[in-house]
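Numbering (the working numbering), first residue to last: 9 to 198. Note that beta-carbon positions come from the ideal geometry of N, C-alpha and C, so glycine has one too. From a predicted model like this one, the values you see are computed outputs, not experimental measurements. Here is the structure we will look at.
Here you go:
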């Protein structure tokens, strides 16, 4: 797994061969299929493990979200994500490549979809005290919707910072934009 993660950072998702993986693990070529079923399964497992660790570093863990209101928590999370794009750029680029592979691989598509589904309620709970279990404020549908919005924002933010960091939004820009959208939605509903 460590060799696969190193190769993902060095070469990206799409450029790794089974021979590369075997050499990185100092193991016979057949051990990849024996232990993981395929090269793609090993790469998927390594990438999802790395993304899970990245999420733990950038999204407040249960019970450890910053004090203050939603805006302060969001601003802190956006800042952490923006800082991580530089530090974790190779892994995030590999993640973008894996998303593209999901169109042709039901395994990676299913694994990414399951990871996103697990992240949604966590985002709602930690950033807005909305719990799918009905504890706190909200319900399952609300928690899923809030988490989905955050996942869309995070993925979009990372992509913008990977492609054009000089013009990508800052944490303050995102908070400003969300406030402006919220005001417009309230006005439209009122």
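Between residue 44 and residue 103, the C-beta gap is not smaller than 9 Å, which leaves the two residues out of contact. Cβ-Cβ distances below 7 Å link residue 66 to 85, 88, 89 and 92 in the same chain, with the five nearest sequence neighbours on each side left out; the list follows chain order.
Sequence-distant partners of residue 131 (beyond 5 residues in either direction) whose C-beta falls short of 6 Å from its own C-beta, in its chain, are 155 and 158.
If you draw a straight line from the Cα of residue 56 to the Cα of residue 126, it is about 12 Å long.
Closest in alpha carbon position to residue 151, among 161, 160, 138 and 163, is 138. The beta carbons of residue 59 and residue 29 sit no closer together than 9 Å. Spatial neighbours of residue 62 in its own chain (CB-CB distance under 8 Å, excluding positions within 5 residues in sequence) are listed in chain order as 92, 96, 99 and 100. Counting C-beta atoms within 10 angstroms of its own C-beta, residue 122 has fewer than 16 neighbours from the protein chains shown and is therefore classed as exposed. Here the C-alpha atom of residue 33 lies approximately 36 Å from the C-alpha atom of residue 129. Here the C-alpha atom of residue 37 lies approximately 10 Å from the C-alpha atom of residue 25. A Cβ-Cβ contact shorter than 9 Å links residue 54 with residue 12. The shortest CA-to-CA distance from residue 107 to any of 64, 135, 163 and 175 is the one to 163. Membership of residue 84 in the alpha helix (DSSP H) is indicated by the continuous run 78-95.
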